[in-house]
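Colleague:
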């Protein structure tokens, strides 16, 4: 009968000293890698800290012209709405650093932006006035048909239905 024998891995390397050295060589780089990551992370944070996660709040608002309201009154109401929206945006989220608000007005079907309010939190804290930070659109008056008499309504096309 024949004898079957299995070769064990240890029988391939008769010198046990060599296998022990090989294990230590594999363990040492792993230990060095694990120990060096924490100081490297602290060093990177000290040199270049992470950027603050702040952002700009953007708000689009639309208001309707009320009956017998002239352009200046609509503009004052748009400023009040923009001021309230800016204050609300800063109050609701502490990460908001800038606010950008566009207020549009609707007048008999015509819609046009009348002002935009771009302000940062420090600017708003020093002076919470919408008129100070607002940019007004000059052509809004004509686009909303306020150039004519404020009582006149732009002519609408009348559609007649045959009976």
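Residue numbers (the working numbering): 2 to 164.
The C-beta atom is built at its ideal place from N, Cα and C for all residues, glycine as well.
1) Relative to the alpha-carbon of residue 106, which residue among 98, 139, 115 and 99 has its alpha-carbon at the smallest distance?
2) With DSSP as the reference, label residue 159 as helix, strand or coil.
3) Between the alpha carbons of residue 98 and residue 117, how many angstroms are there, rounded?
4) Quick one: is residue 42 buried, meaning 16 or more other Cβ sit within 10 Å of its Cβ, or exposed?
5) Report back the beta-carbon spacing between residue 54 and residue 96 to the nearest angstrom; my notes put them in contact at under 8 Å.
6) Does residue 89 pass the burial test, meaning 16 or more other C-beta atoms within 10 Å, or should it be called exposed?
7) Give the DSSP bridge partners of residue 116, in chain order.
8) Skipping 5 residues on each side, what residues in its chain have a beta carbon closer than 8 Å to that of residue 113?
9) Please look up how many angstroms separate the CB atoms of residue 86 and residue 102, rounded, as I've assumed it's under 8 Å.
10) I'd like the ranges of any beta strand (DSSP E) spanning at least 3 consecutive residues and lying wholly in the region 20-91.
11) Going by beta carbon distance, what residues of the same chain come within less than 8 Å of residue 120, once the five residues before and after it are set aside?
12) Work out the CA separation of residue 66 and residue 128 for me, nearest whole Å.
13) Under the DSSP definition of a beta bridge, which residues are partnered with residue 1?
14) Just the Cα atoms here: how many angstroms apart are residue 158 and residue 62?
15) Beta carbon of residue 77, beta carbon of residue 64: below 9 Å?
16) Are the CB atoms of residue 131 and residue 83 nearer to each other than 9 Å?
Modeller: Taking the geometry as given:
1) 115
2) Note on residue 159: pLDDT 40, under 50, position unreliable in the model; no value is reported.
3) 17 Å
4) exposed
5) The pair is a contact, with the Cβ atoms about 6 Å apart (cut-off 8 Å).
6) exposed
7) Beta-bridge pairing links residue 116 to 104 and 137.
8) 105, 106, 138, 140, 141, 144 and 145
9) 5 Å
10) The beta strand (DSSP E) runs of length 3 or more contained entirely in the region 20-91 are, from start to end of the chain, 56-65.
11) The residues are 87, 99, 100 and 134.
12) 28 Å
13) The chain is shown from 2 up to 164; residue 1 falls before or after that span and cannot be answered.
14) Residue confidence for residue 158 is low, a pLDDT of 40 falling below 50, so the modelled location carries little weight; the figure read from the coordinates is stated next. Each residue's Cα considered, the two are about 29 Å apart.
15) Cβ distance not < 9 Å, so residue 77 and residue 64 don't count as in contact.
16) yes
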